[in-house]
Amino acid sequence: MVRVRVPAEVPDRIRRAVIDRARAAVRAARAARARLAPGARRATSNTLPALELAARPRTWAGALGMTAVVLIGAWLGLLIVGNVRAPVGPVNTTMTLRPSLTGGTKINVSPLGALTLDSHVAPVRLDVNVDQLDPPRAQALVDHPERLSGLQDEVARDVEHGTLDLAVRSCVAVVSGATALGLAVYRRPRRALTAGGLALALLAASGGTAYATWNPKSVLEPKFSGLLSSAPSLVGNARSIVTEFDVYQKELARLVTNVTKLYDVTSTLPAYQPDPTTIRVLHVSDIHLNPASWKIIASLVKQYDVNVIVDSGDTMDHGTAAENGFLDPVANLGVPYVWVRGNHDSTLTQHYLERMKNVHVLDDGRAETVAGLRFAGIGDPQFTPDRSTLPGGDAAERLTGDRLASALRDQRYAGKPVDVAIAHEPTAARETDGEVPLVLAGHLHHEETEVMQYGTRLRLEGSTGGSGLRAVEHKYPAPIEASILYFDRDNRRLQAWDEIKLGGLGLTTAEVSRHLPEDNQPGATQIPTPPSATASRSGR
């Protein structure tokens, strides 16, 4: 109730009028306030949610931004400094953690391919790259064979130390990466430290998940890719590798010893001291994707001062494009490389080599003069890995040999006689008898020399790759073989050759044997030059 006081001396009529107007004004004010109150309440109630909605996007955006900073920073840290070089026995490896949706372990064995193990389920994958042989540790095994008995324990310790170092290095990498990126984005140390802490927590959670889901039986079911996809059929069932692990460890130790022995022996081979005019040819064949072959070839080139390398084919196993990278070391051998296609080399292999500098690919009887000798060669007509085509057999090889012999005659009629012919298969090479002084071949994985009926010397090379992955198929696999051929620069005839044989798996021998042609031996009579094409074919 509103009270209005009016002085007593004011007349009653005026006093009543003032009071009535005052009361009317109060009623009007109350009515106006009543009309405005609901709108005010509604305005107040609508303002608070609007403020809350305005705050929520900022909160979500901040959380998403921090998450992105943590993930990207941690990934960059692992990418830049999150790898560890770890020796495992006599082999150098690189261990790395990588972000992954499925986890697992991937072991890369260049150039053969990779194998993947479903070892764990976590947002990180362990990558192990097998890099190269560690010469000092390998030499120690060669000098002290008794250490082989402790090789498996040494490998286990090396793996344990490597993974521990990788864990510590990865922690530092993710924290450093996330903190650095957080500082660059937010420019506030508190936010940067928060990013680093979250990255460490994320890595710890990933490690805990990997530990909880660790599957030691994953080694029973490895997944092969690349050239290693043929490994199960060559090295046996993976389950037998686990159940007979002691046997495989012993064989691995012997393999390590033999491989390191090869490096040791080839560095101390007795080098021949020929006349300065002598042409030295290194004959290799059937490398079959053995990466150790390139080191051995490079060592022989240096020790014997080789002028040219002749490869009589089967450098590959399957002839796929994925294998072509295996050929890259050819460019670094420092001498010309003469090559013919074998039955395990495809046209893809041939085209890849044709594009390489200092490589001379001979096919269809093509002839080239390299390092003072004139070579002619032809590729093998068969391609064994392609099961969709029927093999041509000896008939196809003889036809190929006839084509090569015809090309040799054409070269002689043109006044450019060939000194050395090259074919992969001996059956094809035999068809050149009487058309050339020397023909080189391979394919049979063993060395052999004979003078054929019409005077041509056939020289077969063994496997310079020790038969490749086939080296584990037999108790005594093929050794690694190569030859140094010595030619007189004036008459371009073979004067002598050294057969080099290096023991493979299960063998620890290394020998070099010198051979002289019959006409170069003391008291021998001169073998006549191969007869003309007409005479060589008459009487056959």
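For what it's worth, the UniProt record's numbering labels the leading residue of the sequence shown as 1, then goes sequentially.
From the three backbone atoms N, C-alpha and C, an ideal C-beta is built for every residue, glycine too.
Model, not experiment: these values are computed from the prediction.
Grab me the residues of residue i's own chain with a C-beta within less than 8 Å of its C-beta, minus the 5 sequence neighbours each way, in chain order.
i      : result
Ser538 : A caution first: Ser538 carries a pLDDT of 35, below 50, which makes its placement in the model too unreliable to give a value.
Pro189 : Leu183
Thr278 : Tyr486, Phe487, Asp488, Arg489 and Gln495
Ala407 : Asp364, Gly365, Arg366, Ala367, Ala376 and Ile378
His161 : Ala86
Glu447 : Leu460, Glu461, Gly462, Glu481, Ser483, Glu499 and Lys501
Nearest to residue i by alpha carbon, out of the options?
i           : options                           : result
Leu373      : Gln453, Val439 and Asp394         : Val439
Val310      : Ala86, Leu101, Asn83 and Glu368   : Glu368
Pro336      : Leu289, Ile378, Gly365 and His283 : His283
Leu399      : Val420, Thr432 and Ser346         : Thr432
Pro136      : Leu202, Ser176, Val88 and Trp339  : Val88
Gly462      : Thr347, Arg157, Ser176 and Gly313 : Gly313
Arg169      : Leu79, Gln382, Asn215 and Asp380  : Leu79
Thr427      : Gln495, Ala180, Pro381 and Ala86  : Pro381
Arg430      : Val512, Leu404 and Glu447         : Leu404
Ala199      : Ala122, Met66, Val418 and Thr277  : Met66
Asp402      : Thr449, Gly434 and Gly177         : Gly434
Ala201      : Gly342, Arg23 and Ala74           : Ala74
Asp419      : Lys106, Thr464, Arg493 and Gly442 : Arg493
Met356      : His344, Gln453, Val338 and Ala331 : Ala331
Val346      : Thr384, Thr116 and Ala31          : Checking the sequence shown, residue 346 turns out to be Ser, not Val. Ranking Thr384, Thr116 and Ala31 by Cα distance to Ser346 puts Thr384 first.
residue 556 : Leu117, Gly197, Ile296 and Ala204 : In the structure as shown, the chain starts at 1 and stops at 540, and residue 556 therefore has no counterpart that could be examined.
His344      : Gly197, Glu447, Glu425 and Asn491 : Glu425
Quick one: measure Cβ to Cβ for residue i and residue j, integer angstroms, because I've assumed they're closer than 8 Å.
i      : j      : result
His120 : Asp286 : No, His120 and Asp286 are not in contact; Cβ-Cβ is about 41 Å, not under 8 Å.
Ala210 : Val340 : 51 Å between Cβ atoms; not a contact.
Gly77  : Val185 : Gly77 to Val185, Cβ: 15 Å. No contact.
Gly371 : Gln411 : Gly is not the amino acid found at residue 371; the sequence shown has Ala there. Incorrect: roughly 18 Å between the Cβ atoms, too far for contact.
Ala423 : Ile378 : 6 Å
Leu333 : Ala298 : 6 Å
Val361 : Leu348 : With a Cβ gap of about 13 Å, Val361 and Leu348 do not count as contacting.
Asp131 : Ala86  : Not confirmed; about 10 Å, so no contact.
Gly465 : Gly342 : Actually they do not touch by this definition, with Cβ atoms about 12 Å apart.
Thr96  : Gly82  : 6 Å
Tyr436 : Ala421 : Here the sequence assigns Val to residue 436, which means Tyr is not the residue at that position. Indeed, because the Cβ distance is near 4 Å, the residues count as touching under 8 Å.
Val69  : Ala178 : 7 Å
Val84  : Leu203 : With a Cβ gap of about 15 Å, Val84 and Leu203 do not count as contacting.
Val308 : Val338 : 6 Å
Give me, in chain order, the residues of the same chain whose beta-carbon lies closer than 7 Å to that of residue i; leave out the 5 immediate sequence neighbours on both sides.
i           : result
Leu71       : none
Ala122      : Gly103, Ser206, Thr209, Ala210 and Thr213
residue 541 : Limits of the chain in this structure are 1 at one end and 540 at the other, which puts residue 541 out of reach.
Pro99       : Trp75, Pro123 and Val124
Leu516      : Ala496
Glu154      : Gly89
Val359      : Val330, Tyr337, Trp339 and Leu353
Among residues of its own chain, excluding the 5 on either side of residue i, which ones have a beta-carbon nearer than 6 Å to its beta-carbon?
i      : result
Arg457 : Leu438 and Val451
Thr44  : With a pLDDT of only 49 at Thr44, under 50, the local geometry of the prediction cannot be trusted, and the value read off the model is given with reservation. None.
Thr449 : Arg459
Glu511 : Lys501
Asp127 : Thr96, Arg98 and Lys106
Lys416 : none
Ser176 : Gly77
Pro329 : Trp294
Would residue i be called buried (16 or more neighbouring beta carbons within 10 Å of its own) or exposed?
i      : result
Arg514 : exposed
Leu64  : exposed
His351 : exposed
Trp214 : exposed
Trp60  : exposed
Leu289 : buried
Leu164 : exposed
Gly62  : exposed
Val247 : Model confidence at Val247 stands at a pLDDT of 48, short of 50, so the residue's coordinates are unreliable; what they give is reported in the following sentence. Classification of Val247: exposed, given that the 10 Å Cβ count is below 16.
Arg23  : exposed
Glu518 : exposed
Arg187 : exposed
Arg27  : exposed
Val172 : exposed
Spell out a yes or no on whether the segment 82 to 101 and the segment 190 to 202 are touching, meaning 3 or more CB-CB pairs, one atom from each, closer than 8 Å. Between the segment 82 to 101 and the segment 190 to 202 there are fewer than three inter-stretch CB-CB distances shorter than 8 Å, so the stretches are not counted as touching.
Quick test of the definition: if touching needs 3 or more C-beta pairs under 8 Å, does the segment 485 to 500 touch the segment 312 to 321? No, they do not touch.
When you compare the segment 493 to 502 with the segment 320 to 331, are there three or more beta-carbon pairs, one atom per stretch, that lie closer than 8 Å? With the cut-off at 8 Å, the segment 493 to 502 and the segment 320 to 331 do not touch.
Okay, do the segment 352 to 371 and the segment 394 to 401 touch, 3+ Cβ pairs below 8 Å being the bar? Touching, no, given that fewer than three Cβ pairs across the two stretches are closer than 8 Å.
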